[in-house]
Each structure stands twice: as C-alpha cells, then as structure tokens.
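What follows is a short report on a single structure.
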Amino acid sequence: MTDVLDAIHEDHANMAKMLDALERQLAVFDAGETPDYDIVRGVVDYCLGYPELYHHPKEDLVFERLRAVDPAAAAAVGDLPGEHAELAVLTRRLEAAVEAVLGDLEVPRRRFEATLREFLDTTRRHMTMEERAFLPAARRALSAADLEEIQDRLDHPGDPLFGAPGEERFAALRQDILDWAEDGG
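Our numbering puts the sequence shown at residues 1003 to 1187.
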C-alpha cells in the first residue's frame, strides 16, 4: 500500500503535468493567439475540485501531526494551511478571469496574463517547498503508525484527472497532457 506521503508526492508529479499544460496555453496567449479554454477551464475545475478538496486537506492532516510530533520541523516548514488558503484564493481569481473571458467581458490581456502567471508561479513555488521541506520533514518525524492513522482519516474518491477512469470534463486537458508526453515533452 502506498503511504500518504508517497501519494502526496505522486499528486505533485501529476499536478506539475497539469501546470505544464497551462504553461503551454499561456505561451499560446503570449503569442497573441487564443488558448484552448477547455484546457484552461479544465485546470481551474481540477484545482477547485481535487487539490482544494482532497490533496490540501491530506497535507494539512500530515502537517497537523508533524506539528504535534516535531514542532520545530513544522515551524521550519512555515504556514502550510495558510499557503493552501492563498492557493484557493488564486484559483478562484483565475476562475473568475476565465469566466469573464468566456463570457465575452472586457478583460485586459495583461491582467489575464498576470493572473495566469501568478497562479502558475505560486503553485509551483508551493509544491517545490513541499517537496524540499515539508515531505522530507514528515518522512523523518512521522512513524508508520502516524501515517496509517492519517490515511484512515482521509476521504479520498480518487483523482478525477489522472485516476482511472478520468472524468469526461477533463478530456481536453488529459489529451493535451498525453499528447505532450507522446511527443517527448
């Protein structure tokens, strides 16, 4: 059985692929062309659904246990739940920008691009911190029993984009990721 820390790491690897797909759409936008809004909307829907409802709560449970077992290690990680709250705000801001564009509202290109970049940069920076600081600290401090207790507390329906079978609403995003991987991206 995969432990909760391995599952978090796997989620990060999958989310990096999703962020790469969003980066490709940003490059299309930067070139003055129209991005594939099915892909952009898929990223937003995915982030509002899976990371916000399942991935971040999983990390928050691990962080809560880390804080109880090794407060110094938790303090060194920083305010993980606060960062998750900030990511939720950024995701909703991106959602509003995408909905405005799709609703034919006047959205300045620079503002839309800045919203996309802030979301991408903040999410990547957050995942890097978790991979370099949070997960190693949790691996050092938490016992197998701690991880099993956390796993037992999780309500996890499976990843709607990367799990099998993936949800249809993510078809364009999933196909973009698969095509990119097939092309050697």
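The beta-carbon is built from N, C-alpha and C at its ideal position, and this holds for glycine as well.
Here R1043 really is in contact with V1100; their C-beta atoms are around 6 Å apart, less than 8 Å. If you draw a straight line from the Cα of A1183 to the Cα of F1065, it comes to about 33 Å. A direct Cα-to-Cα measurement between V1109 and A1098 gives close to 11 Å. Sequence-distant Cβ neighbours of A1174 in its own chain, meaning closer than 7 Å and more than five residues away, are D1038, D1040, I1041 and G1044. Close CB contacts of L1096 within its chain, under the 6 Å cut and outside five residues either way in sequence, are with V1046, T1117 and F1121 (chain order).
For the set K1060, H1058, P1138 and T1125, the Cα lying nearest the Cα of D1022 is the one of T1125.
For L1021, the secondary structure class from DSSP, reduced to helix, strand or coil, is helix. Shown here, P1059 sits in a helix according to DSSP, grouped into three states. An exposed status is given to T1130, since fewer than 16 other beta-carbon atoms sit within 10 Å of its beta-carbon.
When the Cα atoms are used, E1061 and L1092 turn out to be separated by approximately 18 Å.
Between F1136 and L1063, the C-beta spacing is not below 8 Å. Exclusion of the five residues before and after D1178 leaves A1023 and I1041 as the residues of its chain whose Cβ lies within less than 6 Å of its Cβ.
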